[in-house]
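Take any residue in the sequence shown, count from 1 to its spot, add 602: that is its number in this note's numbering. Where a beta carbon is used, it is the ideal one built from N, C-alpha and C, also for glycine.
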Amino acid sequence: MNLFQPLIDTGTTRRKFTLAAGAALAMGMYKPSLAAPFINTQTAGSRDPTFIFVHGFTCSLDDFKAQVDALSPNYRCVSLDLPGHGGSSMPEDPRIETLAAAVNEVKRRNGAGKVILVGHSMGVRVVREAYRQSSAGVSGLVLMDGVTYVGEMDVLISKLRDQIRQVGYPAYVQASFGGMFMEGSDTKLRDKAIARAMKLDPKFAEELLVENFRWELTGGAAALKEIAVPVLVIQSTYTNAQGKRVSMTEGVKTPFMELVSKVVPKADVRMIPGIGHFTMIEAPDTVNQYLREFAGRVA
Numbered sequence: 603m604n605l606f607q608p609l610i611d612t613g614t615t616r617r618k619f620t621l622a623a624g625a626a627l628a629m630g631m632y633k634p635s636l637a638a639p640f641i642n643t644q645t646a647g648s649r650d651p652t653f654i655f656v657h658g659f660t661c662s663l664d665d666f667k668a669q670v671d672a673l674s675p676n677y678r679c680v681s682l683d684l685p686g687h688g689g690s691s692m693p694e695d696p697r698i699e700t701l702a703a704a705v706n707e708v709k710r711r712n713g714a715g716k717v718i719l720v721g722h723s724m725g726v727r728v729v730r731e732a733y734r735q736s737s738a739g740v741s742g743l744v745l746m747d748g749v750t751y752v753g754e755m756d757v758l759i760s761k762l763r764d765q766i767r768q769v770g771y772p773a774y775v776q777a778s779f780g781g782m783f784m785e786g787s788d789t790k791l792r793d794k795a796i797a798r799a800m801k802l803d804p805k806f807a808e809e810l811l812v813e814n815f816r817w818e819l820t821g822g823a824a825a826l827k828e829i830a831v832p833v834l835v836i837q838s839t840y841t842n843a844q845g846k847r848v849s850m851t852e853g854v855k856t857p858f859m860e861l862v863s864k865v866v867p868k869a870d871v872r873m874i875p876g877i878g879h880f881t882m883i884e885a886p887d888t889v890n891q892y893l894r895e896f897a898g899r900v901a
């Protein structure tokens, strides 16, 4: 079942954008070798500020249906399938920089005056990189259930590749995504997330997982330091000492929350306990309220 039904009453449109070569790569550090890929988007509403919703690894724009439904009567809501995901084309280079360039092309094509970039999971990295490439028009960033890594990059990447090769991509995905949901979570949502992840090209998926380590460990903190607009952090899970993902509890500070608080002192950090990793789907009303409040502050 497609969770993102047409929103006729709010003027939803489905578009395919072409990402021009070298679009919005302000840093000049990386140029994607992309032959005009298609970026699949949906837009609802027309008023600024504009929310641009960026999903996580193996996910799609469907994940933000509850936010689009609730917020589009008052704000423009744009969601996209990142390159290699959903209805968008597969990129030749699975890089965070490439995904971020797609976000900036979508931002440019929408011509919004004030933009709030909302990233979930891997999307937290993508929106930080998108802001680093082009901060024009961005009024705020929302970082939802992000993580950071501690350790040597080469060692972590080697362990990741070994795990995937030992058990195979399907088993790795089953265990990884199964651990994102807590006891009592919606089993249909869990099964959908796993099935969707299984459809991603295994080689592309592995390289994108590796890319998450590379980008976070070589530039994640630096990207945070460049942020000069308000930041909202919404955290629902963390990894405990046993390496298991668990729901947030009062008094816990994740390494990512600590990093953001240290680098972006004025960041607004919110916690949603009792749910899993898919924050915007599992606690839509709370997330929507936080987004409304944030939009009111940065508009």
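Cα-Cα, which of the options is closest to residue i?
i      : options                           : result
Ile877 : Pro685, Thr660, Asp788 and Ser760 : Asp788
Ser674 : Thr660, Leu663, Pro651 and Asp664 : Pro651
Cys679 : Leu893, Ser863 and Glu860         : Leu893
Gln844 : Ile698, Arg730 and Gly781         : Gly781
Pro575 : Pro832, Glu818 and Ile698         : It is not possible to answer for residue 575, since the shown part of the chain is limited to 603 through 901.
Leu701 : Tyr677, Ala824 and Ala732         : Ala732
Gly715 : His687, Val752, Tyr677 and Pro693 : Tyr677
Leu810 : Pro685, Pro639, Tyr751 and Thr750 : Pro685
Lys868 : Ile829, Arg763 and Gly853         : Ile829
Leu791 : Ile718, Asp664 and Phe655         : Asp664
Arg727 : His657, His687, Ser662 and Val757 : His657
With a Cβ-Cβ cutoff of 7 Å, do residue i and residue j count as a contact?
i      : j      : result
Ala797 : Phe779 : no
Pro804 : Tyr771 : yes
Asn814 : Met724 : yes
Phe666 : Ser648 : no
Val812 : Ile759 : yes
Val729 : Gly739 : no
Leu826 : Asp870 : no
Ser741 : Ile718 : yes
Thr660 : Leu762 : no
Thr750 : Gly822 : yes
Ile836 : Glu808 : no
Pro832 : Val757 : no
Based on the DSSP output, what are the partners of residue i in its beta bridges?
i      : result
Val656 : Leu682 and Gly721
Ala646 : Cys679
Tyr840 : Val848
Val757 : According to DSSP, Val757 bridges with nothing at all.
Val594 : Any property of residue 594 remains undetermined from this structure, which presents the chain solely from 603 to 901.
Between residue i and the rest of its own chain, which residues show a CB-CB distance below 6 Å, the 5 nearest in sequence each way excluded?
i      : result
Gly689 : Asn642 and Asp683
Glu895 : none
Ser662 : Asp683, His687 and Gly688
Suppose the cutoff is 8 Å on Cβ atoms and the five residues either side in sequence are ignored; what does the same chain contact list for residue i look like?
i      : result
Thr614 : For Thr614, the predicted structure reports a pLDDT of 39, less than 50, and the residue's modelled location is therefore unreliable. The matter cannot be settled from this model.
Asn890 : Ala668, Gln669, Ala672 and Leu673
Ser849 : Met784, Ser838, Thr839, Pro875, Gly876, Ile877 and Gly878
Val769 : Ala777
Near residue i, what residues of its chain come up, given a Cβ to Cβ distance below 7 Å and the 5 sequence neighbours on each side ignored?
i      : result
Asp887 : none
>> Quick check: the segment 669 to 686 against the segment 736 to 745, are at least 3 beta-carbon pairs closer than 8 Å?
In response: The segment 736 to 745, when compared against the segment 669 to 686, does not touch it at the 8 Å Cβ threshold.
> Within the chosen definition, does the segment 856 to 870 reach the segment 706 to 721 through at least 3 CB pairs nearer than 8 Å?
Replying inline: These segments do not touch.
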